[in-house]
Amino acid sequence: MAPDHTPHVENQGSRRIGMGFTEFVITIAIMTASIAMAIDSMLPALPAIGHSLNVINTNDAQLVIAVFFLGFGISQILFGSLCDAFGRRNILLGGLLVYVLAMFGAAATSSFEMLLVMRFVQGIGGAAVRITSMAIVRDCFGGREMARVMSFVMIVFMIVPIVAPSVGQLIISYANWHWIFILLGLVGSILFIWAASRLKESLPREERIPLSVRAVTDGFKTVLTNRITCGYMIGLTMFTGVISAYVISVQQVFGEVYGLGDWLPIAFAATAGGIAVANFANGFFVRTFGMRRISHVAVILFTLVSAFGYVMALGGTVNFVLDYALFTVLLMMFAVIATNFTAISLEPMGNLAGTATAITGFVSTTFGAVLGGAVGQMFNGTVQPLFAGFAIFGAVSVAATLWAEKGKLFTHPGDSPQLDAGAAHF
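Residue numbers are given in numbering that gives the first Met the number 0: position 264 of the sequence shown equals residue 263, and the series is strictly consecutive.
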């Protein structure tokens with residue numbers, strides 16, 4: 000069962016790693032936000048990177064973003080079993096070290112191909128940070144309390160996309176794009192020192208799962224035969240495709256379709272601000288209405304609004320105010336869906352949280368990045384591919400959620416206690 004919703008529970012959970020509740024939330028948020036910084040600060044620099052490294056096809060500059068997503072997704076499958084066997088702290092520190100070294104490596108390169116290699120390696124380091132951070136949250140909290148903590152983490156997390164493009168724009172205004180990677184490497188170094196000095200292990204030795212082929216196979220079987228985990232994992236895959244498609248395409252959409260130019264960071268920051276507001280609201284209301292009621296309503300509305308945007312885009316007339324409002328609303332719903340879907344998918348997993356996070360992260364991020372990249376490569380000077388992709392991803396998510404819940408939407412977390420015990424198998 001999920002912990003009681005009291006300050007005592009908050010303190011008890013966060014004390015497991017030697018921190019107060021507020022410090023815990025901020026630390027986990029900044030760790031995960033470093034990943035967003037590595038993505039979003041690149042957006043204003045893509046044209047400069049393409050020009051500097053002689054990239055002929057402008058769509059190929061998207062690979063600087065897409066390859067990071069790919070490395071981030073593929074490598075997650077490794078880290079779940081590792082952090083379940085060896086604990087969260089060592090894997091987290093190792094991931095941060097790889098992330099930092101790859102940042103400085105990218106700063107030193109003058110080859111587009113080598114830059115892509117370094118971006119892939121950065122994604123691997125970021126995956127270790129993400130897997131261990133989410134597993135730590137699951138170690139310390141459960142149920143609605145976990146969803147609440149994740150919502151507060153996401154508030155801090157989303158401050159980064161608000162400021163990251165502006166930071167990137169500022170850097171390339173006074174220096175070359177290499178300095179973006181130098182800055183990210185320095186930030187990662189500070190995070191490494193902070194984690195090494197402040198973060199205790201959250202998974203006791205007696206709760207660890209020995210690393211063996213049988214243990215890994217059994218862990219995978221447990222995760223992949225749980226109807227709730229798998230159904231919501233499919234939904235997470237679709238919504239990773241949503242955010243990947245948006246981030247990969249946003250520089251061209253705002254720059255070429257709407258002609259915003261240097262206003263890109265401000266326009267992007269406003270949509271990111273909407274995501275932060277949505278996560279704050281989710282953290283406030285999730286205790287009252289539950290993860291399922293909120294996320295199920297959001298995923299249905301997301302699909303309908305996306306379909307409306309696509310129909311409007313077919314008219315061929317660019318309406319920046321309407322399109323921008325639609326994107327803002329869609330991204331707010333994305334935030335609510337992704338946060339709650341993640342919590343719901345992990346809830347039945349108990350001390351397999353690392354393996355479960357790795358598998359769901361591997362599937363959702365890898366295939367989501369591929370789907371989002373495909374939508375990005377379809378960019379044709381209009382917003383039609385983006386809205387069409389959103390609508391399709393939303394529809395698939397609705398179907399996956401119906402399957403996971405056996406056709407019953409809007410159920411209240413706790414209405415089916417057997418789900419919390421991990422009994423929702425095929």
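For each residue, glycine too, the CB sits at the ideal point set by N, CA and C.
In the displayed model, Asn225 falls within a strand according to three-state DSSP. Across the structure, Phe103 and Ile181 are spaced so that their CA atoms are roughly 6 Å apart. Only exposed fits Glu112, as fewer than 16 other CB atoms lie within 10 angstroms of its CB. In the structure shown, Met18 falls within a coil segment according to DSSP collapsed to helix, strand and coil.
Thr410 sits in coil when the DSSP states are folded into three classes, being neither helix nor strand. Shown here, Ser132 sits in a helix according to DSSP, grouped into three states. Restricting attention to Leu198, Gly360 and Leu169, the CA atom closest to the CA of Val222 is found in Gly360. Put simply, of Ala271, Ser294 and Gly272 the residue whose alpha carbon is nearest the alpha carbon of Asn281 is Ser294. Between the alpha carbons of Thr364 and Gly124 lies a gap of roughly 14 Å. If you compare the alpha carbons of Gly94, Ile299 and Val382 with that of Val252, the shortest gap goes to Val382.
Ile179 sits close to Ser40, with the two beta carbons spaced by under 7 Å. Positions of the alpha helix (DSSP H) runs, each at least 4 residues long and wholly inside the stretch 83-147, are given as 87-107 and 111-139 in order along the chain. Under the DSSP assignment, Trp193 falls in the alpha helix (DSSP H) whose first and last residues are His177 to Arg197. Under the 10 Å beta carbon count, Ser305 is surrounded by 16 or more other beta carbons and is classified as buried.
If you look at Ser51, you'll find it in the alpha helix (DSSP H) that goes Leu45 to Ser51. Only buried fits His177, as 16 or more other CB atoms lie within 10 angstroms of its CB.
Counting only residues of its own chain and dropping the five nearest sequence neighbours on each side, Met30 has a CB closer than 6 Å to the CB of Val128 and Ser132.
In this structure, the alpha-carbon of Leu263 lies about 12 Å from that of Val256. Taking the C-beta atoms as reference points, Ala399 is found nearer than 7 Å to Gly234. Counting the other CB atoms within 10 Å of its CB gives Val320 a total below 16, which places it among the exposed residues.
Cβ-Cβ distances below 8 Å link Phe119 to Val66, Phe67, Leu69 and Gly70 in the same chain, with the five nearest sequence neighbours on each side left out; the list follows chain order. In this structure, the beta-carbon distance from Asp83 to Thr327 does not fall below 7 Å.
Within the model, the alpha-carbon separation for Gly289 versus Lys407 is close to 14 Å. Note that the stretch 384-398 does not touch the stretch 268-278; fewer than 3 beta-carbon pairs, one per stretch, sit closer than 8 Å.
Under a 10 Å Cβ-count criterion, Asn339 is classified as buried, with 16 or more other Cβ atoms of the shown protein chains found around its own Cβ.
In this structure, Ala403 is the residue among Ser211, Ser201, Val99 and Ala403 with its C-alpha nearest to the C-alpha of Thr224. Note on geometry: alpha-carbon atoms of Met18 and Ser396 lie some 36 Å from one another.
By alpha-carbon distance to Gly315, the top candidate from Asn379, Leu401, Ala394 and Ser248 is Asn379. Here the C-alpha atom of Val241 lies approximately 15 Å from the C-alpha atom of Phe267.
Phe238 is classed as buried because its beta carbon has at least 16 other beta carbons within 10 Å across all chains shown.
Boundaries cannot be given for Gln61, as no alpha helix (DSSP H) includes it and DSSP labels it neither H nor E.
A distance below 6 Å between beta-carbons, with the five flanking residues on each side excluded, links Leu81 to the following residues of its chain, in chain order: Ile90. Per DSSP, Ser201 is not a residue of any alpha helix (DSSP H), being assigned neither H nor E.
Straight-line measurement puts the Cα of Leu185 at about 11 Å from the Cα of Ser33.
With 16 or more other CB atoms across the displayed protein chains lying within 10 angstroms of its CB, Thr270 is buried.
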